[in-house]
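Numbering (this note's numbering), first residue to last: -5 to 525. Think of the CB as a built atom: it goes at the ideal place given N, C-alpha and C, for glycine as much as any other residue. Predicted, not measured: the structure shown is a model, and the values here were computed from it. Report on the structure given below.
Here you go:
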């Protein structure tokens, strides 16, 4: 995350031994109330992450891949169906012109919608476009200091919201902050329990949040004290018992599975645990291969051991997909020469749910997406993976692509409704994404897919009044860091008794059109759509 000003203090410290599944480094878990003072220093990896966004294994190779992708133009298109998603409501979300990128994301529960950006959170009643409460991420995490890369998730199994984010106390003290709401209807940061996991000098970059029936799951890319990539890992923590009080940190079991890899021993990259909608003791995390180009997406399986600990299989199963690689950065409307960073083909979020069209237990589906080379230079590929078989296979896949504009920064969700004993839908989806070109300003668009019908045409959700521009646009390639991810989650409550499909609540970003070099001009947009 880039910031115009120097951030200050942080905190914490704690207890608890790590099970055998953890890496060799010592880790502890503790409450946010135990907070050592920050010495305001940052190691090479968190310094880069704080001021530039997500980290890559090799910055030189990433820049080279981007330059090569920029010279490759593809014009393939896909068949589009006649249907289009229906937008129930859309509204301006949170923003902070002193921070970039936006990292805007969100999740919806039974009575609340929570939006998070890289410095703030907002809690909404589902019937209102005005938040009932807003605050700094540091308040949500329970301390004041360097916190960034936030995630938020609704869990219908425990009827709570969960969050996760990076926190940096010093060059030798990096932590992963996490917590959960005390009830299904939080009204402020005071309604959350707050904890952390220590990593020492190791930095857990780009944390992603998911779950199973038994565990909170955190996937991340690990960087050592010198700032070098050292592999991808997943941490797990047992879910809290019912109740509105915050359990003592010592009551949780937790651990870390390092050295995530494929069957050949090659590392997997950016593990994204799925948000599990239908309760199951088996969960999944999707990742991409470390080397590109690739024709495989990777799936790690998470189960529960008899002693109550998590069993994260470090060896992923491969899913064969069309070849993908690093996408070109997105161009902006002429005469702007600044381009938008479209990332490195990593997945950014995942949802696990039953797809009733697939039948019974075999119908568990893993929905995910990533941005890769295609179309005008970048397109969003999406997958409905069948994860419960070996090898894992695709139920279906597709892409949001155009020969006229770049498509990137996607978020996908099925329309599955799970609320107590009420279970419905799940065979349709909505995919939100951003677009930009030399003839159009950045915009938020979406597609939907109903059952086995073709995906809809691209639908404009919200247009920007101008190009993206700000203090975060720099570097030899004149690139601006766009949001590193977006949000999409299914409403656990039916819109009406006779509804035939569920609703997806989404968050993405657009550009305000301002041209001040002293500010970042991103804005966030929230909307509700039915496939």
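Which of helix, strand or coil DSSP assigns to residue i
| i | result |
| --- | --- |
| residue 18 | Residue placement at residue 18 is flagged as unreliable, the pLDDT there being 38, under the threshold of 50; a coordinate-derived value is accordingly withheld. |
| residue 165 | coil |
| residue 409 | coil |
| residue 357 | helix |
| residue 24 | strand |
| residue 535 | Past the boundaries of the shown model lies residue 535; the chain is included only from -5 to 525, so the question cannot be answered. |
| residue 64 | helix |
| residue 199 | strand |
| residue 177 | coil |
| residue 458 | coil |
| residue 244 | helix |
| residue 94 | strand |
| residue 260 | coil |
| residue 183 | helix |
| residue 238 | coil |
| residue 364 | strand |
| residue 449 | coil |
| residue 484 | strand |
| residue 512 | coil |
| residue 211 | strand |
| residue 111 | coil |
| residue 497 | coil |
| residue 518 | strand |
| residue 524 | strand |
| residue 489 | coil |
Buried or exposed (CB count within 10 angstroms, at least 16 for buried), residue i
| i | result |
| --- | --- |
| residue 492 | exposed |
| residue 510 | exposed |
| residue 18 | Note that residue 18 has pLDDT 38, beneath the 50 cutoff, so the model's placement of it is unreliable and no number is given. |
| residue 196 | buried |
| residue 454 | exposed |
| residue 348 | buried |
| residue 15 | Below a pLDDT of 50, predicted positions are generally treated as unreliable, and residue 15, at 48, falls in that range; no measurement from the model is reported. |
| residue 235 | exposed |
| residue 268 | buried |
| residue 266 | buried |
| residue 199 | buried |
| residue 62 | exposed |
| residue 431 | buried |
| residue 60 | buried |
| residue 2 | Any reading at residue 2 needs caution, since the residue's pLDDT is 23, under 50, leaving its predicted position unreliable; the model's value is listed next. Residue 2 should be labelled exposed. |
| residue 356 | exposed |
| residue 277 | buried |
| residue 444 | buried |
| residue 450 | buried |
| residue 464 | buried |
| residue 227 | buried |
| residue 597 | Residue 597 lies beyond the stretch modelled for the chain, which goes from -5 to 525, so this question has no answer here. |
Those residues which DSSP pairs with residue i across a bridge
| i | result |
| --- | --- |
| residue 428 | 402, 438 |
| residue 194 | 168 |
| residue 249 | 230 |
| residue 417 | 412 |
| residue 375 | 364, 393 |
| residue 99 | 110 |
Residue i - containing beta strand (DSSP E), residue span
| i | result |
| --- | --- |
| residue 476 | Element bounds for residue 476: n/a, residue is neither H nor E. |
| residue 118 | 114 to 119 |
| residue 530 | In the structure as shown, the chain starts at -5 and stops at 525, and residue 530 therefore has no counterpart that could be examined. |
| residue 254 | No beta strand (DSSP E) contains residue 254, which DSSP labels as neither H nor E. |
| residue 537 | As shown, the chain starts at -5 and ends at 525. That puts residue 537 outside it, with no answer to give. |
Residue-chain proximity (residue i, chain C), Cβ-Cβ < 9 angstroms
| i | result |
| --- | --- |
| residue 264 | Note that chain C does not occur in the displayed structure, where there is just one protein chain. |
Complete beta strand (DSSP E) runs within the stretch 126 to 160 (minimum length 3 residues, chain order): 127 to 130, 140 to 149
4 or more residues per run - each alpha helix (DSSP H) lying fully within the stretch 31 to 60: 38 to 46
Every unbroken beta strand (DSSP E) inside the stretch 262 to 345 [3 residues or more]: For the stretch 262 to 345, whole beta strand (DSSP E) runs of length 3 or above, ordered along the chain, are 262 to 267, 277 to 283, 288 to 298, 304 to 306, 311 to 318.
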